[in-house]
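Q: Quick note: the sequence shown, position 99, residue 140 per our numbering, numbers continuous.
Can you keep this structure in mind? I'll have questions shortly.
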Amino acid sequence: MTEISTAFTDPLVMPIADAIARGEVQQIHTLANESLLQQRGDQLITLMQWAILNQQPTSLVALIQEHADPSQSGIQGDTAWHTAASVQDARYMRILLDSGQQPSIRNSVTLAVPLASAVMAGREIQVSLLLAAGVDPNLADRMGDTPLHVAGKINSPGLALRLLQAGADPKLRNKQGATFQQYLAMTPLDIQGIEIQQEYQELNGWLRGNNFAEVDEQ
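Following this line, the structure appears as structure tokens:
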């Protein structure tokens with residue numbers, strides 16, 4: 042992770058950033074105040090994102106206890122929710138969901154929701170956690186792409202099926218007029234691995250059974 046002196050140059054913020062990076066929970070509680078918790082560092086990184094990227098779940102819990110805001114816009118417009126959705130360790134998403142706050146906050150630039158970030162990163166656990174929490178799978182970004190479109194773009198029929206089973210609408214088109222099936226159909230099935238081919242068969246079976254266009258029909 043980036044050095045604290047590079048990520049946070051404000052001398053008033055550096056002590057709590059250091060405590061967060063080290064997992065020093067008591068020090069976080071000692072230093073935290075409303076103004077300090079709103080501060081951002083290099084590339085607009087928030088303190089909650091700093092905790093996640095430094096792999097410090099106890100620091101993230103402490104920040105939540107001190108009422109830090111996970112919906113604060115940070116790196117590239119993402120919030121702590123988006124960061125937790127993207128990283129490999131799903132603990133951070135569980136921690137945020139346990140806080141009882143709104144998980145469908147949008148990226149301040151792209152308008153993408155954390156579910157889309159989880160799909161883009163191929164994080165099956167975070168996708169399942171967010172869907173189980175009741176997030177709307179049809180929320181689109183500023184280009185009209187829903188999480189289902191993202192699943193198509195990354196060629197993940199398995200995640201696409203998971204989204205469909207949770208209520209994603211396969212008829213939705215983005216601003217280019219494309220459905221998710223059109224993106225999945227871009228990669229010829231015969232050059233893909235057996236596992237992916239099986240996922241395509243399961244996806245098409247679901248689409249066919251629910252009277253929607255199959256991927257190979259686009």
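Where a beta carbon is used, it is the ideal one built from N, C-alpha and C, also for glycine.
Just the Cα atoms here: how many angstroms apart are Q217 and Q233?
A: Between Q217 and Q233, the C-alpha separation is close to 26 Å.
Q: Can you tell me whether L156 is buried or exposed, with buried defined as 16 or more other CB within 10 angstroms of its CB?
A: With 16 or more other Cβ atoms within 10 Å, it is buried.
Q: Give the list of continuous alpha helix (DSSP H) stretches no shorter than 4 residues that lie fully inside the stretch 187 to 248.
A: Entirely contained in the stretch 187 to 248, the alpha helix (DSSP H) runs reaching 4 residues are, in chain order, 188 to 194, 198 to 206, 221 to 225.
Q: So, at 8 Å on beta carbons, what are the nonlocal neighbours of Q79 in its own chain, with the 5 sequence-adjacent residues on each side left out?
A: The residues are D110, Q113.
Q: Using a Cβ-Cβ cut-off of 6 Å (strictly less than) and excluding sequence neighbours within five positions of T187, which residues of its own chain qualify?
A: Same-chain partners within the cutoff: N179, A181, L213.
Q: Whose C-beta lies closer than 6 Å to the C-beta of T99 among residues of the same chain, with five residues either side of it excluded?
A: So the qualifying residues of the chain are G64, V66.
Q: Under a Cβ-count criterion, where at least 16 other Cβ atoms within 10 Å of its own Cβ denotes burial, should P144 be classed as buried or exposed?
A: Classification of P144: buried, given that the 10 Å Cβ count is 16 or more.
Q: With which residues is T87 paired in a DSSP beta bridge?
A: In the DSSP output, where bridge partners are listed per residue, T87 has R81.
Q: Leaving out five residues on either side along the sequence, give the residues of the same chain with a beta carbon under 6 Å from the beta carbon of A162.
A: Same-chain partners within the cutoff: S127.
Q: For the alpha helix (DSSP H) that contains M55, what are its first and last residues?
A: First-last of the alpha helix (DSSP H) with M55: 55 to 63.
Q: Helix, strand or coil for S149? Go by DSSP, reduced to three states.
A: DSSP places S149 in coil when its eight states are reduced to three.
Q: Which of the three DSSP states, helix, strand or coil, is assigned to H123?
A: Residue state, collapsed to three classes: helix.
Q: Are the CB atoms of I146 and E107 within a distance shorter than 8 Å?
A: No, the Cβ-Cβ distance between E107 and I146 is not below 8 Å.
Q: If you run the structure through DSSP and keep just helix, strand and coil, what is S158?
A: It is helical.
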